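Engineer:
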Amino acid sequence: MIEISNLSKLYQTKKGLVRALDKVTLSVDEGEFLVLRGHSGSGKTTLLLTLGGMLHPSEGSFKFLDKEVYGLNEGQRNRFRADNIGFVFQMFHLVPYLTVLENVLLSHGGKTSDRSRRAQEILEELHMDHRTHHKPAELSAGEKQRAALAR
2 MIEISNLSKL YQTKKGLVRA LDKVTLSVDE GEFLVLRGHS GSGKTTLLLT
52 LGGMLHPSEG SFKFLDKEVY GLNEGQRNRF RADNIGFVFQ MFHLVPYLTV
102 LENVLLSHGG KTSDRSRRAQ EILEELHMDH RTHHKPAELS AGEKQRAALA
152 R
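Per the numbering used here: the sequence shown = residues 2 to 152.
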C-alpha cells in the first residue's frame with residue numbers, strides 16, 4: 002500500500018519559487034494499477050523520484066508498506082529502496098564500460114557467489130542470459146531496458 006498525504010516539492014529558480022508538486026494526496030492498494038500522465042513539466046518525474054525514495058519532498062508524507070519513507074535516515078532509506086522499490090529510469094543509466102552482468106551486480110548485495118547466481122537467474126528470466134558479457138553499446142534499446150530492470 003502506498004499512501005501519500007499533502008506531498009509538495011518546491012524548487013527555487015532564478016525566476017522564483019516553483020511548486021513542482023502541490024499537496025498531492027493519493028493512496029494505491031496492493032495489486033492496483035495506476036497510470037501517471039500529464040503534460041511536460043507537470044510534476045510526473047518529480048512525483049516518481051519522490052516515490053522512488055530519491056527526492057526528498059518539501060512537505061507532506063509518503064508511506065510505503067506502513068513505513069514513513071522520509072522518516073528513515075539516508076542509509077535506512079537506501080536499504081528500504083533496494084529491498085522494496087523497483088525503478089527503471091527513462092535513460093537506463095547503465096555503466097558503459099561494464100558488461101550487462103557487471104551492471105546488474107552493482108545493485109545486488111550479499112555474498113559474491115550468491116549475487117552472481119541471482120543476477121544470472123534474473124537475466125535468464127528476462128531472456129538476457131546470452132548477453133551477459135556484452136557492453137551497453139552492443140545492446141538494443143529493449144535489451145538495455147531489460148538490463149536496467151534486472152539491475
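For every residue, glycine included, the Cβ atom is placed at its ideal position computed from N, Cα and C.
Note that this is a predicted model, so its numbers are computed, not measured.
Under a three-way DSSP split, which group does isoleucine 3 fall into?
Structural biologist: Isoleucine 3: strand per DSSP, three-state reduction.
Engineer: Could you tell me if glutamate 125 is buried or exposed, where buried requires 16 or more neighbouring beta carbons within 10 angstroms of its beta carbon?
Structural biologist: Classification for glutamate 125: exposed.
Engineer: As an exercise, report each continuous beta strand (DSSP E) stretch of at least 3 residues that is fully enclosed by the segment 8-50, in chain order.
Structural biologist: Within the segment 8-50, the complete beta strand (DSSP E) runs of at least 3 residues are 17-29.
Engineer: One question on the structure: do glycine 39 and lysine 45 come within less than 7 Å of each other, judged by their Cβ atoms?
Structural biologist: Yes, Cβ-Cβ distance for glycine 39 and lysine 45 is below 7 Å.
Engineer: Is arginine 152 near valine 101, with beta carbons less than 7 Å apart?
Structural biologist: No; because the gap between Cβ atoms is not below 7 Å, this pair is not in contact.
Engineer: Among residues of its own chain, excluding the 5 on either side of aspartate 23, which ones have a beta-carbon nearer than 7 Å to its beta-carbon?
Structural biologist: Only Ser9 meet the Cβ criterion.
Engineer: Between which two residues does the beta strand (DSSP E) holding serine 62 run?
Structural biologist: That run of the beta strand (DSSP E) goes 60-65.
Engineer: Across which residues does DSSP place lysine 68 in a beta bridge pair?
Structural biologist: Lysine 68 is bridged to Phe65.
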